[in-house]
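**Q**
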Amino acid sequence: MNPAILFGLGTMLAWGFWITFGNVASNSIDPETAAFVSYLTATVVTGLYVIVSDASLAVTNRGLLYSAVAGVAAAIGVISTFVGVTVGSTAVVSTIGGMYFVTAAVISVAALGEPLSLQKVAGIGLALVAIVVINQ
Numbered sequence: 808m809n810p811a812i813l814f815g816l817g818t819m820l821a822w823g824f825w826i827t828f829g830n831v832a833s834n835s836i837d838p839e840t841a842a843f844v845s846y847l848t849a850t851v852v853t854g855l856y857v858i859v860s861d862a863s864l865a866v867t868n869r870g871l872l873y874s875a876v877a878g879v880a881a882a883i884g885v886i887s888t889f890v891g892v893t894v895g896s897t898a899v900v901s902t903i904g905g906m907y908f909v910t911a912a913v914i915s916v917a918a919l920g921e922p923l924s925l926q927k928v929a930g931i932g933l934a935l936v937a938i939v940v941i942n943q
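Those letters in the sequence shown? Residues 808 to 943, per the numbering used here, in order.
1. How many angstroms separate the CA atom of D861 from the CA atom of D837?
2. If you draw a straight line from the alpha carbon of T848 to that of S915, how long is it in whole angstroms?
3. Restricting to Cα atoms, I'd like to know which of T893, S924, V831 and S901 is closest to W822.
4. Where in the segment 813 to 892 do unbroken runs of the alpha helix (DSSP H), each at least 4 residues long, occur, reported from the N-terminal end onward?
5. State the Cα-Cα distance for the pair G920 and V940, rounded to the nearest angstrom.
6. Report yes if the C-beta distance between S971 and F889 is below 7 Å; otherwise report no.
7. According to DSSP, is L919 helix, strand or coil?
8. Alpha helix (DSSP H) containing S896: first to last residue?
9. State the Cα-Cα distance for the pair A875 and N942, rounded to the nearest angstrom.
10. In whole angstroms, what separates the C-alpha of P810 from that of V892?
11. Which residues mark the beginning and the end of the alpha helix (DSSP H) in which Q943 is found?
12. Does the distance from the CB of M906 to the CB of A934 come in under 7 Å?
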């Protein structure tokens, strides 16, 4: 199997469990606290993985900066998700949140110089239609 597909499936399954258990946690304790505990646990598990894997510990200033920016975005996303599932439907929050690829596609074209293809435009358009349909 293509490794990208394998890791994509792993991501899909893990994030599905993450949002489901995050919903349960957010209904049991304050959603911001649940988000903090979730990411604290993720930090520990990721750190352990880095230690036992063959990951390089070499860093650059650019890599640290962009990793920190990604961390801020992740923190905003996890808090938005955990609060969202306490005030609304998990199905709606997870479906709209799962459309993060629309944001990534727009940023990759606008800021990273990736080419804009008809397929990307069609995919983004269909994703936006899906957001409208899921919210009806």
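Backbone N, C-alpha and C define an ideal beta-carbon position, used for all residues, glycine too.
**A** On the basis of the supplied data:
1. 37 Å
2. 30 Å
3. S901
4. 838 to 859
5. 31 Å
6. The displayed coordinates of the chain run from 808 to 943. Any statement about residue 971 would go beyond what the structure contains.
7. coil
8. From DSSP, S896 is part of no alpha helix (DSSP H); its letter is neither H nor E.
9. 33 Å
10. 32 Å
11. Q943 -> no alpha helix (DSSP H), and no H or E assigned at all.
12. yes
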